[in-house]
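Single-structure report; data block below.
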Amino acid sequence: MLEVNSVSKDYKEFKLRDITFDVREGEHFIILGPSGAGKTVLLEVIAGIIEPDSGRVYLNGEDVTDLPPEKRGLAYIPQNYALFPHMSVFDNIAFGLRLRKLPKAEVERKVREIAEVLDIGHLLGRKPKTLSGGESQRVAIARALVVEPPLILMDEPFANLDVQTRSRLINEMKRWRKELGFTALHVTHSFEEAVSLGDRVGVMLNGRLVQVGSVREVFSRPASEDVARFLGFENIIEGTANGRVLRANGVEIELPVEVHGRIRVGLRPEDIILSLEPLRSSARNEFKAVVDSVEELGPLVRVHLFVGGLHLRAFITRSSMLEMGIRPGKEVYASFKASALHVF
Amino acid sequence: MLEVNSVSKDYKEFKLRDITFDVREGEHFIILGPSGAGKTVLLEVIAGIIEPDSGRVYLNGEDVTDLPPEKRGLAYIPQNYALFPHMSVFDNIAFGLRLRKLPKAEVERKVREIAEVLDIGHLLGRKPKTLSGGESQRVAIARALVVEPPLILMDEPFANLDVQTRSRLINEMKRWRKELGFTALHVTHSFEEAVSLGDRVGVMLNGRLVQVGSVREVFSRPASEDVARFLGFENIIEGTANGRVLRANGVEIELPVEVHGRIRVGLRPEDIILSLEPLRSSARNEFKAVVDSVEELGPLVRVHLFVGGLHLRAFITRSSMLEMGIRPGKEVYASFKASALHVF
Amino acid sequence: DYTLYLFATIGSFLVVYIALPLVVIFLKQAADLRMLIKTLHDPLVIESLRNSLLTATATALIALLFGVPLGYVLARKEFPGKSLVQALVDVPIVIPHSVVGIMLLVTFSNAILDSYTGIIAAMLFVSAPFTINAARDGFLAVDEKLEQVARTLGASRLRAFSSIALPMAFPAIASGAIMTWARAISEVGAILIVAYYPKTAQVLVMEYFNNYGLRASRPISVILVAMSLAIFVLLR
Amino acid sequence: DYTLYLFATIGSFLVVYIALPLVVIFLKQAADLRMLIKTLHDPLVIESLRNSLLTATATALIALLFGVPLGYVLARKEFPGKSLVQALVDVPIVIPHSVVGIMLLVTFSNAILDSYTGIIAAMLFVSAPFTINAARDGFLAVDEKLEQVARTLGASRLRAFSSIALPMAFPAIASGAIMTWARAISEVGAILIVAYYPKTAQVLVMEYFNNYGLRASRPISVILVAMSLAIFVLLR
Chain A
6 MLEVNSVSKD
16 YKEFKLRDIT
26 FDVREGEHFI
36 ILGPSGAGKT
46 VLLEVIAGII
56 EPDSGRVYLN
66 GEDVTDLPPE
76 KRGLAYIPQN
86 YALFPHMSVF
96 DNIAFGLRLR
106 KLPKAEVERK
116 VREIAEVLDI
126 GHLLGRKPKT
136 LSGGESQRVA
146 IARALVVEPP
156 LILMDEPFAN
166 LDVQTRSRLI
176 NEMKRWRKEL
186 GFTALHVTHS
196 FEEAVSLGDR
206 VGVMLNGRLV
216 QVGSVREVFS
226 RPASEDVARF
236 LGFENIIEGT
246 ANGRVLRANG
256 VEIELPVEVH
266 GRIRVGLRPE
276 DIILSLEPLR
286 SSARNEFKAV
296 VDSVEELGPL
306 VRVHLFVGGL
316 HLRAFITRSS
326 MLEMGIRPGK
336 EVYASFKASA
346 LHVF
Chain B
6 MLEVNSVSKD
16 YKEFKLRDIT
26 FDVREGEHFI
36 ILGPSGAGKT
46 VLLEVIAGII
56 EPDSGRVYLN
66 GEDVTDLPPE
76 KRGLAYIPQN
86 YALFPHMSVF
96 DNIAFGLRLR
106 KLPKAEVERK
116 VREIAEVLDI
126 GHLLGRKPKT
136 LSGGESQRVA
146 IARALVVEPP
156 LILMDEPFAN
166 LDVQTRSRLI
176 NEMKRWRKEL
186 GFTALHVTHS
196 FEEAVSLGDR
206 VGVMLNGRLV
216 QVGSVREVFS
226 RPASEDVARF
236 LGFENIIEGT
246 ANGRVLRANG
256 VEIELPVEVH
266 GRIRVGLRPE
276 DIILSLEPLR
286 SSARNEFKAV
296 VDSVEELGPL
306 VRVHLFVGGL
316 HLRAFITRSS
326 MLEMGIRPGK
336 EVYASFKASA
346 LHVF
Chain C
70 DYTLYLFATI
80 GSFLVVYIAL
90 PLVVIFLKQA
100 ADLRMLIKTL
110 HDPLVIESLR
120 NSLLTATATA
130 LIALLFGVPL
140 GYVLARKEFP
150 GKSLVQALVD
160 VPIVIPHSVV
170 GIMLLVTFSN
180 AILDSYTGII
190 AAMLFVSAPF
200 TINAARDGFL
210 AVDEKLEQVA
220 RTLGASRLRA
230 FSSIALPMAF
240 PAIASGAIMT
250 WARAISEVGA
260 ILIVAYYPKT
270 AQVLVMEYFN
280 NYGLRASRPI
290 SVILVAMSLA
300 IFVLLR
Chain D
70 DYTLYLFATI
80 GSFLVVYIAL
90 PLVVIFLKQA
100 ADLRMLIKTL
110 HDPLVIESLR
120 NSLLTATATA
130 LIALLFGVPL
140 GYVLARKEFP
150 GKSLVQALVD
160 VPIVIPHSVV
170 GIMLLVTFSN
180 AILDSYTGII
190 AAMLFVSAPF
200 TINAARDGFL
210 AVDEKLEQVA
220 RTLGASRLRA
230 FSSIALPMAF
240 PAIASGAIMT
250 WARAISEVGA
260 ILIVAYYPKT
270 AQVLVMEYFN
280 NYGLRASRPI
290 SVILVAMSLA
300 IFVLLR
């Protein structure tokens, strides 16, 4: 129903490069990417707020690229919700209906109906600034859905919410979609949202849509090194494979499969185990390593290691760091299972 | 050499409450606490920038509480370094010496000497805004040390640096202290800095200095539940102990030691293992749990669980979350060793 | 802290210098209420006050009519020469007031000489920047996303402006209009050249001073100061 | 986007209204260079220009002397009545210029009448706010931490002010002083009341206009506009 055809755009520090994908009727399509990937720009191009430098946008087969936003009828929910602060919640939700010149009773009925579904009936008389984050998000969704748009565009809809509200809203979002049957295009950097809500996922990196597929497909078979890195394979090791052995910077690594020639493998930092004594388990790759630096990430610590000439990153918890006395210059043993290696 | 005696102060949203501690000659004393604990206010009280509401500050036995900063002679390095942007690096470092009316040749010699030690001799002609973060920090330290202060006060000295620079500077800081022999009071939220640099550590929470001791002492024997929580024991379970069994909200937990009566135990979220099937290992506490919500923290995920009426937090990696399909409502098994429990 | 006290002492000279004349003129007039009451019954004074109020109000309305759209364009649109336009808007502040009058006469000659139009023309030139800048800042403070969302909900650009941007920027625009009004009614130099007649209160102050001296011009001054201060308090 | 074009069209009225007189007066004068040259040799004109420049410069210096310490105190210190002082500083902007003259005469009477002191008094009252506000904003933009660190290194508060705060806020203070200078030289109404003599250029424009008409006053106007615009360009 929505077709984006090779859209490119340079906008401030963001770039879109040759974006092509489609959203099917009734689908919840998620565009997953780190912040700065250009996700918001893409949504605004689709909504008609930004004009693309090249490429076309089709809605139900019709070319809408040159139409202003008000002629497209796509509901857009920006990250900050953009509730109209000088209007009551009721007037916010009724805004689109009144523009459509619906009779007053009809407006009243539709607003109350959607407010019922979204469980915000008791908020209709309030001003937006008195609402909590979760309530604001519900109102923004109600305001968008009440005009029954063919497609609803959501920009990081759950990013500004606390963890409890967020989990609740993600669950309810599934119910609303069942009840109201809308189609959604939703951009986010959250893996959780992609897993919980996405029928299909597109991974966006540096302004390019690099992989589109079902959630499981994308997470288990990253199409490229960049996708793998974004999905958490922070260690990418390049070397020459000969059967089940990879030689990289003078280090010999056991592979999970037989390969030959120049290859790259990915390894998640959480799959590397650090110990002060060798673990002596036959199934593992085990190496002597020197700690280069450590990087605190809240309760987790990223340890940068050198195994010979190979730079590896490993995650350990802060308490293990303290217990093992890990600090720059310390010698440790790093080990990982061959099966943790992902061959591209 | 520095004695802080029951200092209290209300300043903006920060509060200091009855802070008492001392720093010994030649020591590197670290005050460790989360942001907002009032660490900067404490440093500024000691530097003479903020007047305390009550309490006294003694320097080498002399009461300096009512002296202005210029009469105390304590060097202060704020978090943003506060280099004078309109002066060259040389003039920045020479600032304190010139105020002391040293002869020009003497100023020149001392600046070049300290610049040599701190490896910034090649930067003397530059303006501060052309420096990298690490270079700025070295200049700030040089400017403070060149006047040979009895005590140097540092506010989060490594917080704004990238991980490599930070590790290098932490190591060099040890060398500088050996070469120049200064005494340092250093506030930070970083466990890494406390472990690497601290001779002694004071833990500061909500404006109170709640525990002072050697690093190992503080981390292995938190004095209170709050310190434990700050040090990463996110799960605090309250219940009635009877020998080696703790009953809490209807759940029975095996304890590492014999205790009796109403107690609290701490458990780090990284010590809880989640699995889809029971692990059946006799040494473990193992419970059926329901996922309440998940919270993404970069590569790590905090999972909120309910075990009966007990709310537990566990850390797992993002890839485990995806592999196990963990999402709100899912049933999992949570297990942890009795030895992971810390009885207060 | 001696330095700050020293600075406060030096600085208080200017504070006193501004406050003193305000206080003194009210006190002296309070000792001469008869003259104030007499002035309030002087038909020339009433007429001139009416003229001042009318022309200042007309000026503020004209500044609103043209300045609000201009402020909106400056807030929302990038275009070549924008910084020139921005600079031009601030130029009237630095031009001597008598010269403003000469410039306007040179440009519009008899069309504005000695008429209400002339008074308004002089006032508009010196005071319009306040409305333009206030409107621009007001619109800049309205998140453009709000208008964009209104448009995705079906509002035209004009409709999004009138239902979202305008009501939200209204307080800023109103305060700009009040500043414009106050600056307009404070103008003397340009009006003296362009339109000595019809007589405005601020010109009458000068005429009474020249013809009858300080005592005669003081009551009108007090009335004008009171008005200006009232407006100023309203603004804060 | 039709709405924005419509707004730009409406808004351009004010842009043209401000730009047109500036352009026209230069063009008309360019067609009458003889008169411009004659004016440049008129000793009265030279004398009045000298008076204007001298008094405006003196005003700017006085504003600096007292306004910089005041701005520093307003930027660094909380004290009861601070918001009243802040408001008071802005009051001169809204008071009619002729009334400013009356207020000053009522307060200082003969001490300022028809003297350089009077011209400067009038100029200072209306223009000092620019220096005070610019200094305050300039000092606010200097991180107080810099001064605090200077003090821990042994500098007294005064020394920290003079070696850190003052040099760093200098650009802001300088631009405030230039605005003060420009506002001072633009003043007419208050000067007409307080000090018709010694004659300033902005008053002479008015006198020539009254005595000899538009053609005679135009060249001085052009010179003053050129000066003001030069200052304005310098400021940006």
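Residue numbers (the numbering used here), protein chains in the order written: chain A, 6 to 349; chain B, 6 to 349; chain C, 70 to 305; chain D, 70 to 305. Here a beta-carbon is modelled for each residue, glycine too, at the ideal position from N, C-alpha and C. What you are looking at is a predicted structure, and each value in this text was computed from that prediction instead of being measured.
Give a yes or no on whether the C-beta atoms belonging to residue i and residue j are separated by under 8 Å.
i: residue 239 of chain B; j: residue 318 of chain B; result: yes
i: residue 255 of chain D; j: residue 163 of chain C; result: yes
i: residue 142 of chain A; j: residue 81 of chain A; result: no
i: residue 175 of chain B; j: residue 137 of chain B; result: no
i: residue 326 of chain A; j: residue 306 of chain A; result: yes
i: residue 80 of chain D; j: residue 135 of chain C; result: yes
i: residue 106 of chain C; j: residue 174 of chain C; result: no
i: residue 226 of chain D; j: residue 70 of chain C; result: yes
i: residue 159 of chain D; j: residue 112 of chain D; result: no
i: residue 157 of chain A; j: residue 150 of chain A; result: yes
i: residue 277 of chain B; j: residue 251 of chain B; result: no
i: residue 220 of chain B; j: residue 206 of chain B; result: yes
i: residue 331 of chain A; j: residue 296 of chain A; result: yes
i: residue 77 of chain A; j: residue 53 of chain A; result: yes
i: residue 199 of chain B; j: residue 37 of chain B; result: yes
i: residue 155 of chain B; j: residue 65 of chain B; result: yes
Whose CA, out of the options, lies closest to the CA of residue i?
i: residue 3 of chain A; options: A:188, A:226, A:248 and A:246; result: The structure shown does not extend to residue 3 of chain A, since chain A is modelled only from 6 to 349, so the question has no answer here.
i: residue 334 of chain B; options: A:130, A:177 and A:274; result: A:177
i: residue 267 of chain D; options: D:210, D:110, D:159 and D:121; result: D:121
i: residue 182 of chain A; options: A:235, A:311, A:34 and A:59; result: A:34
i: residue 41 of chain A; options: A:193, A:156, A:69 and A:207; result: A:193
i: residue 23 of chain B; options: B:14, B:234 and B:253; result: B:14
i: residue 11 of chain B; options: B:57, B:161 and B:32; result: B:57
i: residue 146 of chain B; options: B:168, B:121 and B:214; result: B:121
i: residue 321 of chain A; options: B:300, B:64, B:340 and B:275; result: B:275
i: residue 82 of chain D; options: C:102, C:99, C:108 and C:131; result: C:131
i: residue 275 of chain C; options: D:170, D:140 and D:155; result: D:170
Cβ closer than 8 Å: which chain A residues qualify as neighbours of residue i?
i: residue 212 of chain C; result: 85 and 87
Taking DSSP as the reference, what is the three-state secondary structure of residue i?
i: residue 104 of chain D; result: helix
i: residue 194 of chain A; result: coil
i: residue 209 of chain A; result: strand
i: residue 73 of chain A; result: coil
i: residue 82 of chain B; result: strand
Interface residues of chain B around residue i at Cβ under 8 Å?
i: residue 217 of chain D; result: 49, 52, 54, 74, 81, 83 and 87
i: residue 172 of chain A; result: 297, 298, 299 and 333
State yes or no: is the beta carbon of residue i nearer than 8 Å to at least one beta carbon in chain D?
i: residue 69 of chain B; result: no
i: residue 114 of chain C; result: no
Verify the CB distance criterion: does residue i have a CB-CB separation below 8 Å to chain B?
i: residue 222 of chain D; result: yes
i: residue 224 of chain A; result: yes
Output, in chain order, the set of chain A residues within a Cβ distance shorter than 7 Å of residue i.
i: residue 225 of chain C; result: 75
Of all the CB atoms in chain A, is at least one closer than 8 Å to the CB of residue i?
i: residue 303 of chain B; result: yes
i: residue 233 of chain C; result: yes
Check the Cβ of residue i against every Cβ in chain B and list those closer than 7 Å, keeping chain order.
i: residue 236 of chain D; result: 91
Looking at the ligand FMN, does it come within less than 7 Å of residue i, judged from the CB to the closest heavy atom?
i: residue 124 of chain B; result: With respect to the ligand FMN, the structure offers nothing, as it holds no ligand at all.
Please compile the residues from chain C whose C-beta is within a distance smaller than 7 Å of the C-beta of residue i.
i: residue 103 of chain D; result: Within chain C, no residue comes near residue 103 of chain D; the closest Cβ sits about 17 Å away, beyond 7 Å.
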